[in-house]
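K.L.:
Just so it is clear: in the sequence shown, position 65 is 76 by the numbering used here, and no numbers are missing.
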Amino acid sequence: MANMTVRNLPDEIHDRLRAQANSNKRSLEAEVRSILMQSAIASSDGGFGHRIRERYGRYLGDDLSVERDQTMSQPGLFD
Numbered sequence: 012m013a014n015m016t017v018r019n020l021p022d023e024i025h026d027r028l029r030a031q032a033n034s035n036k037r038s039l040e041a042e043v044r045s046i047l048m049q050s051a052i053a054s055s056d057g058g059f060g061h062r063i064r065e066r067y068g069r070y071l072g073d074d075l076s077v078e079r080d081q082t083m084s085q086p087g088l089f090d
């Protein structure tokens with residue numbers, strides 16, 4: 012397996028990662044490894060829309076074309 016060194020990581024980020032690791036009952040190294048693996052997997056699978064289309068595409072058909080509504084919405088009125 013490959014090794015990696017991260018330099019110049021701000022102390023605040025290091026502290027947050029350590030706290031997150033503690034809350035997940037993992038070492039800091041295991042927490043960072045988990046975050047990196049999840050990020051790599053998420054970016055390679057095409058994202059949420061791609062997963063929805065793969066899961067439900069056979070029910071919706073391949074001709075699903077959704078155009079975004081470009082009209083401006085009206086702000087809410089609060090009394």
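Every residue gets a Cβ at the ideal spot worked out from N, C-alpha and C, and that includes glycine.
To the nearest angstrom, how far is the alpha carbon of GLU40 from that of PHE59?
P.N.:
The residue given as residue 40 occupies position 29 in the sequence shown. The residue given as residue 59 occupies position 48 in the sequence shown. Cα atoms of GLU40 and PHE59: separation of roughly 28 angstroms, rounded to the nearest angstrom.
K.L.:
Check for me: the alpha helix (DSSP H) holding ASP80 runs from which residue to which?
P.N.:
Numbered from 1 along the sequence shown, position 69 holds the residue referred to as residue 80. Neither: ASP80 is in no alpha helix (DSSP H) and is coded neither H nor E.
K.L.:
Would DSSP call PHE89 helix, strand or coil?
P.N.:
Residue numbering aside, residue 89 sits at position 78 when the sequence shown is read from its first letter. It is coil, neither helix nor strand.
K.L.:
Please classify VAL77: is it buried, with 16 or more other beta-carbons within 10 angstroms of its beta-carbon, or exposed?
P.N.:
As a position in the sequence shown, residue 77 is number 66, starting the count at 1. Counting Cβ neighbours within 10 Å, VAL77 comes out exposed, since fewer than 16 surround it.
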